[in-house]
Structure formats: structure tokens, C-alpha cells
Amino acid sequence: MRFDNIQIARYGRLTDVRTPEEGLPPIVVVLGPNEGGKSTFFSFLTTLLYGFAPATRESHPYSPWSGEDAEGRAQLRLDDGTVLDIHRRLLSNGWGRMVVADRTEDLRNQPLPAVEHVPRPVFNQVYALTLAELAGLAGESWDLIQDRLVGAMGSSDLVAARSVASWFEKQAGSLWRPNRRGNQAARTLAAELSELKERRRQAVELDRTLRSKARELDAAEKKLKKLREEREHSKVLEYRLTRLLPIHRKLERIAELEAEAGDPAELDELPGDPQARLDELRDRYRAAEDRIKRLDEEMEEPRSAIRAFTGQHRAWAENEDAVRGVADRVVGLHELRESVDKMEQEVRDFERRCQVTAQDLFNVFWNDVDRQLLDMVPTGELRERVRKYQSTREGRRIAEESGRRIRPVGTTTPSPQQLAAAAIASGVGIIFLILQAFTATPTVPLVFGVAGLTLGLVLGVHWWQQQHRSKRSIHDKSDADRMNDRRVWEIRTDEEDARERILELVADLPIHEALLEAPSLDLPASLERLKELMVDRDERERSRQARVRKLRDTTQRIQELSTTLELPLPPDALEDAVPLLRMLKEALAARDRANGAERELERIRREKQQAERELNEIAAVAHSLARRLLRFGGGDLARGVQEAKHRIDLRSRAVQLKEELDREYPDLDLIREELNQLDMSDRTWQADSEARAVTAARVEELTEQVEEVRASVETLRTEIQHLEEAETVDQVDSHIESVGIRHDETVRERDRAYVLAHVVREADRRFREAHQPDILKSAGRQLGHITDGRYNRIIVGEGNDEAFYLKGPEYPKPVRVGSPISTGTREQVYLALRLAIIDHLDARGERLPLFMDEAFVNWDSGRRDRAFELMARISRTRQVFFFTCHPEMADELADRGGRIIRLNESGARPLSPR
Amino acid sequence: MRFVHIADVHLDTAFAGRSDEIRRRLRQASRDALQRAVEAAIAEKVDAMLIAGDLFDGERLSFETERFVLEQLGVLSDAGIRVVYATGNHDPGRRRIRGGKLEWPATVTLIPDGRPRAVPIVGEGGYPVGIVTGAGHASSRETTDLARELKPTDVDLPQVAILHTQVLSARGLEVHQPYAPSDVDYLRSAGFDYWALGHVHLRQQISAEPPIHYPGNLQGRSPRETGPKGGLVVDLRDPANPQVDFREFATVRWEKLQVDTLGGAETLEHLIRAVTQKWDDARRTDPGETDTEWMVAVDLIGPSPLWRELRQPEEVTQVANELALQLGAMEVEVRVSRIHPRADVRDHADRQDVLGAAIRLARSVGGGHESLDIAPDDMAGFKPDRGGSIDEYVRDLLEGAPEEILAQMLVPREEGP
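Chains as they are written, first to last, in my numbering: chain A, 1 to 914; chain B, 1 to 417.
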């Protein structure tokens, strides 16, 4: 396979790079400075063959800096002459197209079919030989180099197979080895398992012990229960003997006493000392009799008071309110009578005043005037009309007066005396002014002077005004006189109309004619006064008549009351109330005394009844007691008293014993109930103190035994608790299970590592067997070319010696490739092996281009010539790309048929090939 | 008749938790589950509780568990609930290691061997409400079809069969030994109104008519036994319309979580976040009970940039502890064996170098196409007496080997050993 031409549209820093159209030769020299794009160029060619990796624009290291899609194409010629047009572009994913003989195939991002026999990683690492790779040989173990060359076929991404196998073996060995040397995880776990099995055995033993202890505990608890029951029984017995037995015996004594005392009903309500009781009853009887007698005597006094309250007293007392009412009226009657007399006098005064007023108005007596007509006169209206009339009349008088002033007689003319007085006043004033000039005190003459002049001036002006008016009135006189006459006539007519309107209001009243000729305001005033006097007179009259009626009624009612109540009124009852009230007071006092006596009498009676009841009761009790005592004594009271006393004493002792028991034993009822439920025939009720001691000792003994067994139970429980806290079989089993799994996993991990080591070693061995002879043979041929025949064979040591040895015509004895050999020879061997591996890798497929990056720059000219010759030889079957920054080296290769492609410093533009 | 049907309680199972505390809690969880079943039986006022075998896990019963079982059965006895307990392969009756030595309450009927027993169940008021007929395992390797021994009685009452058996058509058989195998067709035709089965730990209905049920084990015991665990409350008062309801009794629940989206998780925090996200997604549809305690097995799968860190046991432990906190789980087990570098084996399998050769060889041996020359004595875990050949053992070990080899041999982006 070879590239005929290459077009890089955009790829990393390379832009628009085009190789000549006539095609590229077998040797292509890419000349450019360091960082000029040679690595980019190699990556581009790899991408053309294998596609973009990674296949995303974001992550691809050679995405163009401009942000555009990486893109390029090339024309390839296969070994059989087939021409391929390849076009690849990195869109969002890798895109590719291949045209073969007018047939277009979609490559997507897949490798070309022609390169599939060499994986991309291998192509990247093996088909590109760099200066760094050769230069690094000096510092590297030849064994590793040899491994990489033969085992990894030159790939630099592999760890030597033998190292990997050793690592697996080391891993396996750390986990388990057939021998017991060293620390082995699986054996440690196995040991732990053994130890756990021992612990399990102990746990089983503990479990047995636990169960045994549990059984012991069960038995001990049963025994403890039994002992406690027996102790409870003994305690009950002891309880009976120490507590119940004394109570039981006291109760028996009580029963005996009660039996001897006989029927309790017979002693019921009998006094403790019957004789004393009998004496006491006798004393009380006598005292009651004395008290009754005394009460009878006390009754006499109230009875006499009751008798003193007579029927007359009762009548007065029962009518107390009526009597008091009559007395009140008698007191008011006198005042009423006086007021009637006073009223009559006032009425007469008003009638006289009415007559005085009426005679000025009317020509009849006041009481002959029709009151209705008089009341109908509107005095207010009348007053208005009179005012109107008087106003008109006054207007007429003024008009008439004016007419008289218009006449000459009526005008005033200034007198000469007035003028003379003015002159005198002025003259005096001037004199005083002159005098003030000659006096020591000028103020007084000055004042008099000014006053005199002022008076003279005023009088003079007044005289002049009168003189002026007089002249003007004489001039106007004749016209005014005529007009005034006419006006007087008109007012007079109005005056008459006004008077007529007054007469309309009072026409029906007999008023003096003179009053109506020129009515004055006295007319309505007099009419109003008369009306008021008549009203006042009427009111007094009505009031008087009312009092007269009241006087008459009161007198009549006193008379009626006296009659109705049959009161013997005193002769002056209507004149004076004092005797009446005195008689009432006497009656009430008698009544109060009688009432008090009644209450006192009632009290004495009740007290007497009480005393009588007590007397009867005492008699009954004494009789009853005596009768019962007679029965006790068989008819003999003294003996009966003695017998009763004895039985009462017995019963008291029984009661006393009961009370003691109650005090001593608050729960006596329960104890009694308990005793009732017990078998009284039991012999323990007859037990003595010795029996009590035996029982108490037994209780004590049982208590000790209970404590002993209880302690044993506690001990067993504690032991069981401790045993339960210890590791149990199931716990150990779980632990064993856990460790067992870890052990199995460890063993499996070990065996797996061991097998993997085996696989790697076996693969390495087989690979070497399969490929090493061919590679070494081919490498020997290549080495012969490079060393100009000095070495022409590479062989492997025998047995376990896997080192490489060189042979040649000059070296019939194999020379071991390693440290003794020169660096130059090592590089030549390395190159020969690499070339042989490349030939081996694509021996059965398309021969892929070889890339040399400054590979021989450090070689001397002789060796480099031979290397170039070798390259020229190789280029007959395989296109060779040479990357260099040295123009002289490029020229050397150009001399051997190579074509130079120049990359400028910016790396983008190719110069034209030479 | 109403009853609670449980099975496979496996008391005193040897749990393999990381710590003593976890193991103790797991052991306690089985007891708690049984206690919940008892409480449910009383709350539901059932007439009986049926225990279809494997009440105990092994030969030995701890003293504490023994007391606990008797106490719980005593509670049922006090409530007047009869217990019918047919033994299974884990607690066979013949050896008398368990049942024979315990002083069962009078209301407990133990069926210790294959001889069928018919137990009348008395309901409220003292009237019989149904008949339970069952057989137990006499030995731990019972191979006969005990179902064929069970016949319904002639009494006109609901007839229930109880048996610890492996119905051959059931799901989840791969982890169980085929003890007392039975055939579903026979069970259907046997004339019982309900088959109360035990042995298979995966809860399932074998048949609807008549109802044949495995309640599953009462409490999950390993990451294989996931999901809610408990028992069935069965109502056969109307045998023509049986009601079977599941009740979750387990207090600890096991769950598996496979996380294969770790390619972008560059740090352990990212990884934990990815796992937590996956867990939250799972719990959204199945949140469990409010008081459920979780035992979670997290399987990390596929390429991860953290593959090297996750090869360190300390790192894995740290991740597990952090996840336990994040998920609110009692314990989280993190499995990393299927984690590998981001490099894809497919990209390197055809390489003409020793890496390609090793990958191809691992595949070839793992696929059984060729063998490696490895002596059995060189293997620590190969036990010839357990059956299987050394080649089979090696093949089993080589699962994921190409990825492992690639991880160790590839240099550029992943450093070698």
C-alpha cells in the first residue's frame, strides 16, 4: 500500500496541505522544523487508514484550531494496484467515504479493510520508529527490549509477558503456596478456621453446661417453691399460735361473760346502779311537783290585767284609726271656717273695684254689663285702632299747626337785643385780652378774654341765621298755605274713619258717649282692667264656695262617724280634739297591758304543762324500773336491785374486753372472720407455749433453707447468664461460615492468579515459538544489510538462555546482545528486529507504510548510508515516510529517490516538493 | 378455616456477615420474623399455623433459640391457635435432635416422619373447621414422594395438606436438593383444598386450583434470596373461593444491585453516586417496609477507570462502608470481580503479539477447547473428592480472565503491575 497523494483540508495546525498531483514516490520525506506539524501529519495518515480516535470533535486532539471540521483525503494504491480514494471528516461523529473503481463505500469511522490485519495500536506503536525510541535503548534493559520486540512485537503499550506472569505468581504466592513458607492468606484463614472449630467445640461444651445448669436451676426453683410453701404453712401455724390464739381465748371469755349475764335484752336500758337510779327518780318527781305549784301562783297577776281591759276600751282601741281621723278633721275645721270668711271679704272688694272702673266707662252698673259682650271685645285690636286714630289725629294737629306757622305772625325775626348782646360779649373779651398784657398773672384775663370773644361770635352768627331764614319764609308763604289746607282736610277724613272703626268694636257696650268722641288709649286699658277685675272676682267667689262646701261636708262626716261608730263624742268634739285623743290613749294603754298579760299567762301555762309531762314521765320510768327490778327480785325490790346490779357488771366486763380487743386489733373483724373459717377443733388451738416455740423454730429453719436454695438459684441464674453471654454454637457457626467463605474466596483468588500466570507464560511461550524463528531470520537479513554483512544472523541461546546472539562472517562465535555490545550495534539490532516484526505483522496482508522520525540522525554517515540504502530497498515493497527537520538529511533521501514535502514553521503550508 | 402458612424458617442459620454484630442481627432476624408471624396469626385470629418444614437449620439448636421457639408456640397455644409442624430435610424427625427433645405445648402437632397424620382444626366456639393432613421428613435425605401418602379424610370440611417437598416444576430449584420430590399433576388431583408446601425458598404459586403454594422462606438468608419474605394468610372458609394473601414478616431484606454504568465514574465519590442512584431507582418501585433493614450485595460490572483501586480490599471495604451509610443498609457487600479497565478486550484480541495470544489462550481454555498443564496439587482449592475435573475447575477460574490479562498487560493508559 502506498499513498499517491494527500490533501489535508484541516487537521490540527495543518491547513490546506496538498502533495503533488503526479503522486508520491515510495520514499516521502516530510521536512519541517520541530513543532512544525510532523506528528500531526503522521496522525492524519493514521486517521485516514483507521478513522478518527477519539471520534468526537470535542475530544479529538487534532480538531482544527479554527473550530471547523477536521477533514482530509488521500489516494491510496494497494499492492495489487487497486486505487482507493479516501475522504474522512470529523463532524459530530467520524465520517468517511471510500471510492474504489467508481464504487463509493460508506466508511463511517471504520478502518479501511486493507489495514484490518494490523490493529491500530500496533500500527501506531510498531510502524513508527522514532529517534527517542532508539535513543532510549541505551538506558534500558536489553531483556525488556527483547521482550517488547519479540513478545510484544515492538508495541510499547504492553508490559512484558514474563513480568505479568511473575506478578500473577507473586499474587498467588501471597495467598497460598504448596509449601508452608512465608505468610499465606489462605493458610492464615485456614488456621483461623481451625481455631474457630476449637471454639465451636468449647461452645458445644458450654451449651451442654448451660443446659445442665438450666436443668439444675429448674430443680432448684422447684425445691425453692416447695420450701417456701412449707414455710408459708409453718408461718401460718406460728401466726395462729402467736396472734390468733390469744384473740381466740379472749373471745371465748367474752362469750362466757355474756352467757352468765343472761339475756342481754333483759338488761337493756337498765342503769348500771339501779338503786341510785331509783333515788334520783324520786328526787326529780318531788322537784316537778313544787314547780307546778309555783306556776299556778304566778298566773294571778296577768289575769287581773286582762280583766282591766273593758269593752269601752276595746271599742276605742279597735277604732283607733277612725278616732284619729276625726281628730285630724276637727283640727282643720276651724281653719276652714276662717278662710271662708276671708274669701267673702275679698269678693266684696273686687265687686267694689269693678264698680269704680265700670262707672268711668259705662252708663250702667258693672253687673248689668253683658259679660259675654264685654269678653268678646278684642282689647288688643281696640288698642291698635285707638293708636291709629290718635296717630291720624296727631297728624291733623301737626298739619294745622304747620298752616299756622306759614302765616307772618308765625315767622321769627332776629331781635336787636341779640345783636347788642353779641357786641357786648365781644367787647368784654377784648378788654380782658388787653388786660392780660398788663397783669402779672395773665392766665385768668386771657381765659376770660377768649370766652368773651367766643360768646360774642356765637351770638352774632345766630343773629345772622335768623335774619336769613326770615327773609326766605316770607318768600315761600303763599304756595305752602294752599297745600297745607288740602292736606288737613284729607287727614281729617282719615281721622273720622279711624274713629268709626273703633266704634265698630264697642258698639254693643253702653259706653259713655264722651269717651267715644275722641277715644284715647284709656278706653282699651279700662276695658281690660274691668275684665281682669271681673275674672279675679269670679275666681275668689268660686274658691269661697268650694270651702263652704268642704266645711259643710266635714261637719256632716264627723256627725256621721260619731253615729256610725257609736262614739260618745264629747260635747265640744267639733271644737277641740284633745279630749278625744286622751280617751283613745287610755284605751290603747289598757289594751297593751292586757296583751302582755295574755302572753305571760300563755308562757306560764306551757311551762306548767311541761312540768306536768315530766312529772308523768318520771313516774312512768320509776314505775317501769321498779316493776323490772321486782321481777329480778321475785317480788322483792331490794333483792331485785342487787341481782340486776350483778348481771350488769358481768355484761360490762364482756363489753370492756371487746373494746380492748377492738383497740388492740383494728382488723378484728377480719381476724374474727379468719377464725370463723378455721377449724376450731384443730388441736393447735389447744397448743401451749412449747408448741409455739417448736413452730417458730421450724419457721426459722425453713427460712434458712429457703435462703440457702434461693442463693443457689441466684448463683445458677448468674452462671447461666454468664454462660449465655459466652459465645454460642450458632455464633461460632456463623463466624466459621464467614471465615470459611473468605477462605474459599481467597483460595479461589489464589488459584485464579496461578492459572492466569500460567496462561500468560504459556501464551508467551507459544508466541515465541510461533514467531521468533521467522522474525530472527528476517531480522538477520536486515541486520546484514545494515552492518554491511558484519552480522547476518540473530539466534537465541540454548536451554533457559533466551538472550539474543549475533553471528556473522567475522564472528563465527556468537556475540551476546547485551551490555558488552556497542550502543550502535544495539540500535542496529533493534532496527533490524523492528523491520522484521513489521514484515512479519503484515506478511499476510497489505504492506502498510513505515514511518521513520529522525531515526538515524545520530548515526555516523557510514551507518546512515547503509540505513538509507536499506530504506531504499524496503521502499520497493513498502512506502517509507521520513520525518526530519534536517534539510541535508532530506536531500540525502531525495538523492535516493525520495520526494520532499516541506512544512513551514507555522506548520500549515506545504512547500512544493522537490 | 383460616391459617398462617410458613416454611423454611431455618432458625440458627450460620450467617456469614462481615462482623459479629451483623451475624448476630441476622440470626435475630429469623427469630423476629417468626415472632411477627405469631403476632400476625393472633391479630388475624386464625385457627391454625402450619409450618411446612425446616423450622431449624442444622443439627444443633441454641439454648436461646430453643427457649424462644417454645415461648412463641406458647403464645399461640395461649391464643388457642393450633400449630401443625411437618419436618423437612434440615430438621428431620428421625434423629430426634430437635422436636423429640423439646417439650412442645399441647396445641402443637409435630409430624416427624412420612407416616401421614390428619389433624382436626378447631375454630372459634370449639367446632371443627378443617382437617390438616401432613407428612414429615424422617431423614435429611428423604427421596420418596411423600405427597402420594397423603389422602384427604372423608369429613366434609376444608382439607389441607402440609408437606416439605420439591415440586419438580417449581421455579428456583437450582439451589435446592430434590428431596421428597413431587409432581404437580398429582398434587392437583389429590383432592385437597390447599397444599401448604415448604422447601423451595422462592415464594410462588404452583397451582391456582386447587391452590398450591410455597410461601418462600420466612427470612432471606443470602444475597440469592432477595425480595420481601414472609408467610401466607389463607382463608378456606369458602373452599370454592380460597383467599391467599402474602404478609411480609422478614425484618431484614437482601437485595442485589448490579451496576454496569461505571465508565464515567472517575472517582470513588462518582462511583458511590452511581450506585446510590441505581439503588434509589430500584427502591422507587419497591421501597420495602418502613422498618426494613437491608443487606445489599452490589455487583460492580464492566469497564471502570477505578478498576485498579477496586482491586485493593481496603478500598472495597471503604466503598462498602460508605455505601452502607448512603443506602441506609445494615451491610453492603461490594463485588468487584467483574470490573475491568476501560480498554476493550475486543480491540486487542486479534493482536499478533503476546497479549493477543494470551487473550486467545484464556478464551480457548475457558471455553473448554484446550487445557493447561496444571497439576491438581498445584491448586489450593481443587478437591477431587467433591467431583469435577481439574480442567473444569480451571475453566471456572478463567471467567473474566481476558479482561484481567488485558488489565495487567496493557501499559499506556493503564499502568501495569
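The beta-carbon is built from N, C-alpha and C at its ideal position, and this holds for glycine as well.
Model, not experiment: these values are computed from the prediction.
Exercise for the section: Have a look at B/G126 and B/W195 and give me their C-alpha separation to the nearest angstrom. Expected result: Within the second sequence, numbered from 1, the residue matching residue 126 of chain B stands at position 126. Within the second sequence, numbered from 1, the residue matching residue 195 of chain B stands at position 195. Those two C-alpha atoms are separated by around 24 Å.
Exercise for the section: Look at A/A317 and A/L588 and say whether their C-beta atoms are less than 8 Å apart. Expected result: Here residue 317 of chain A is taken as the residue at index 317 of the first sequence, counted from 1. Here residue 588 of chain A is taken as the residue at index 588 of the first sequence, counted from 1. Cβ distance < 8 Å, so A/A317 and A/L588 count as in contact.
Handout entry: Residues bridged to A/H87 [DSSP beta-bridge criterion]
Key = Along the first sequence, read from residue 1 onward, the residue named residue 87 of chain A stands at position 87. Beta-bridge analysis with DSSP links A/H87 to A/R73, A/R97.
Practice task
Find the nearest neighbour of A/E21 within the set A/N5, A/Y62, A/V641, judged by alpha-carbon distance.
Solution key: As a position in the first sequence, residue 21 of chain A is number 21, starting the count at 1. For A/E21, the closest alpha carbon among the candidates A/N5, A/Y62, A/V641 is that of A/N5.
Practice task
Confirm, please, whether the CB-CB distance from A/V83 to A/R77 is below 8 Å.
Solution key: Counting from 1 along the first sequence, the entry for residue 77 of chain A is found at position 77. Counting from 1 along the first sequence, the entry for residue 83 of chain A is found at position 83. Contact flag set, yes.
Exercise for the section: Would you list, in chain order, the members of the segment 335-354 of chain B that have their beta-carbon closer than 8 Å to a beta-carbon of chain A? Expected result: Answer in chain order: D347, H348, D350, R351, Q352, D353, V354.
Handout entry: Listed by chain order, chain A residues near B/V411 by CB distance under 8 Å
Key = Here residue 411 of chain B refers to the residue found at position 411 when the second sequence is read from its first residue. Neighbours of B/V411 on chain A, chain order: S156, D157, L158, V159.
Practice task
Check the DSSP bridge columns for A/G808 and list the partner residues they point to.
Solution key: For the purposes of this step, residue 808 of chain A is identified with residue 808 of the first sequence, where counting begins at 1. The partner list for A/G808 (beta bridge, DSSP) reads A/Y811.
Problem - Pair within 8 Å by beta-carbon distance, A/V29 and A/F41 - result: If you number the first sequence from 1, residue 29 of chain A lands on position 29. If you number the first sequence from 1, residue 41 of chain A lands on position 41. Going by C-beta atoms, A/V29 is not nearer than 8 Å to A/F41.
Practice task
Kindly list, in the order they appear in chain A, the residues whose Cβ is closer than 8 Å to that of B/R379.
Solution key: Within the second sequence, numbered from 1, the residue matching residue 379 of chain B stands at position 379. Residue identity differs from the one stated: residue 379 of chain B is Met in this sequence, not Arg. Those are D751, Y754, listed as they occur along chain A.
Exercise for the section: Check whether the Cβ of B/G418 lies closer than 8 Å to any Cβ atom in chain A. Expected result: Residue 418 of chain B is absent from the model: chain B starts at 1 and stops at 417.
Problem - Proximity winner among A/A644, A/R864, A/E266, relative to A/G824 (alpha-carbon distances) - result: The residue labelled residue 824 of chain A in the question sits at position 824 within the first sequence. Out of A/A644, A/R864, A/E266, A/R864 has the C-alpha closest to the C-alpha of A/G824.
Problem - Contacts of B/K361 in chain A (Cβ-Cβ under 8 Å) - result: Working through the second sequence from its first residue, we reach residue 361 of chain B at position 361. The sequence given here places Leu at residue 361 of chain B; Lys does not occur at that position. Residues of chain A passing the Cβ test: V759, E762, A763, R766.
Practice task
Determine the direct distance from the alpha carbon of A/L515 to that of A/K342, and round the result to whole angstroms.
Solution key: As a position in the first sequence, residue 342 of chain A is number 342, starting the count at 1. As a position in the first sequence, residue 515 of chain A is number 515, starting the count at 1. If I take the Cα positions, the gap works out to 37 Å.
Handout entry: Any beta strand (DSSP E) of 3 or more consecutive residues that is wholly inside the segment 229-315 of chain B
Key = Whole beta strand (DSSP E) segments, 3+ residues: 230-235, 243-248, 252-259, 293-303.
Exercise for the section: Report the residue from A/D207, A/L131, A/D370 whose alpha carbon sits nearest the alpha carbon of A/A726. Expected result: In the first sequence, residue 726 of chain A corresponds to position 726, counting from 1. Among A/D207, A/L131, A/D370, the Cα nearest to that of A/A726 is on A/D207.
Problem - Proximal chain A residues relative to B/E64, where beta-carbon distance stays under 9 Å - result: The sequence position of residue 64 of chain B within the second sequence is 64, counting from 1. Within chain A, the residues near B/E64 are E724, T728, D730.
Problem - Inter-stretch contact at 8 Å, needing at least 3 Cβ pairs: the segment 396-406 of chain B / the segment 747-765 of chain A - result: Enough Cβ pairs lie closer than 8 Å, so yes.
Handout entry: Pairwise C-alpha distance: A/E708 and A/E714
Key = Your numbering for residue 714 of chain A matches position 714 in the first sequence. Your numbering for residue 708 of chain A matches position 708 in the first sequence. About 10 Å.
Exercise for the section: Would you please verify whether the beta carbon of A/E169 is less than 8 Å from any beta carbon of chain B? Expected result: Residue numbering aside, residue 169 of chain A sits at position 169 when the first sequence is read from its first letter. Chain B contact via Cβ: absent.
Practice task
Flag this pair as yes or no: are the beta carbons of A/Y50 and A/V115 separated by less than 8 Å?
Solution key: Reading the first sequence from its first residue, position 50 is the one you call residue 50 of chain A. Reading the first sequence from its first residue, position 115 is the one you call residue 115 of chain A. With contacts defined as CB atoms closer than 8 Å, A/Y50 and A/V115 qualify as a contacting pair.
Practice task
Could you confirm whether any beta carbon from chain A is found closer than 8 Å to the beta carbon of B/V394?
Solution key: Your numbering for residue 394 of chain B matches position 394 in the second sequence. It does: the Cβ of B/V394 has a partner Cβ on chain A nearer than 8 Å.
Handout entry: For A/F438, three-class secondary structure by DSSP
Key = If you number the first sequence from 1, residue 438 of chain A lands on position 438. Under the three-state reduction of DSSP, A/F438 is assigned to coil, being neither helix nor strand.
Handout entry: Residue(s) in a DSSP beta bridge with B/A196
Key = Here residue 196 of chain B is taken as the residue at index 196 of the second sequence, counted from 1. Beta-bridge partners of B/A196 (DSSP): B/I162, B/H213.
Problem - Between the CA atoms of A/Q467 and A/P442 - distance to the nearest angstrom - result: Sequence index remark: in the first sequence, residue 442 of chain A carries index 442 (1-based). Sequence index remark: in the first sequence, residue 467 of chain A carries index 467 (1-based). A/Q467 has its alpha-carbon roughly 38 Å from the corresponding atom of A/P442.
Exercise for the section: Please confirm if B/F15 has its CB atom under 8 Å from at least one CB of chain A. Expected result: By 1-based counting over the second sequence, the position of residue 15 of chain B is 15. Residue contact check for B/F15 against chain A: a CB pair falls below 8 Å.
Practice task
Could you tell me which of A/H512, A/V447, A/E504 sits nearest to A/F362, measuring between CA atoms?
Solution key: As a position in the first sequence, residue 362 of chain A is number 362, starting the count at 1. Minimum Cα distance to A/F362 is reached at A/H512.
Handout entry: A/E133 burial status per 10 Å Cβ neighbour count (16 or more: buried)
Key = Residue mapping note: residue 133 of chain A aligns to position 133 of the first sequence, counting from 1. Buried, because 16 or more other Cβ atoms sit within 10 Å of the Cβ of A/E133.
Practice task
Flag this pair as touching only if the segment 285-303 of chain B and the segment 244-264 of chain B have three or more C-beta atom pairs under 8 Å; answer yes or no.
Solution key: Cβ pair count under 8 Å is three or more, so yes.
Exercise for the section: Would you list, in chain order, the members of the segment 65-95 of chain A that have their beta-carbon closer than 9 Å to a beta-carbon of chain B? Expected result: Among the residues of the segment 65-95 of chain A, none has a Cβ less than 9 Å away from any Cβ of chain B.
Handout entry: Residue-chain proximity (B/R308, chain A), Cβ-Cβ < 8 Å
Key = In the second sequence, counting from the first residue as 1, residue 308 of chain B sits at position 308. False, the Cβ-Cβ gap to chain A never drops below 8 Å.
Problem - contact_flag[the segment 779-797 of chain A, the segment 383-391 of chain B] where n(CB pairs < 8 Å) is 3 or more - result: Result no; under three Cβ-Cβ pairs closer than 8 Å.
Exercise for the section: Starting from the beta carbon of B/D12, find every residue of chain A whose beta carbon is closer than 7 Å, and list them in chain order. Expected result: In the second sequence, residue 12 of chain B corresponds to position 12, counting from 1. Listed by position along chain A, the residues whose Cβ is nearer than 7 Å to that of B/D12 are D730.
Problem - DSSP three-state assignment for A/G410, whether helix, strand or coil - result: If you number the first sequence from 1, residue 410 of chain A lands on position 410. Unreliable positioning characterises A/G410 in this predicted model, as indicated by a pLDDT of 46, which lies under 50. The coordinate reading is nonetheless provided below. If DSSP states are grouped into helix, strand and coil, A/G410 belongs with the helices.
Practice task
Under the assumption that A/V755 contacts A/V164 (Cβ atoms under 8 Å), give the Cβ distance between them as a whole number of angstroms.
Solution key: As a first step, residue 755 of chain A is located in the first sequence; it is residue number 755 there, counting from the start. As a first step, residue 164 of chain A is located in the first sequence; it is residue number 164 there, counting from the start. Under the criterion of beta carbons closer than 8 Å, A/V755 and A/V164 do not qualify as touching, at roughly 13 Å.
Practice task
Quick one: list the residues of chain A neighbouring B/L70, beta-carbon separation under 7 Å, in chain order.
Solution key: Locating residue 70 of chain B in the second sequence gives position 70, where the first residue counts as 1. Simply none; closest approach about 12 Å.
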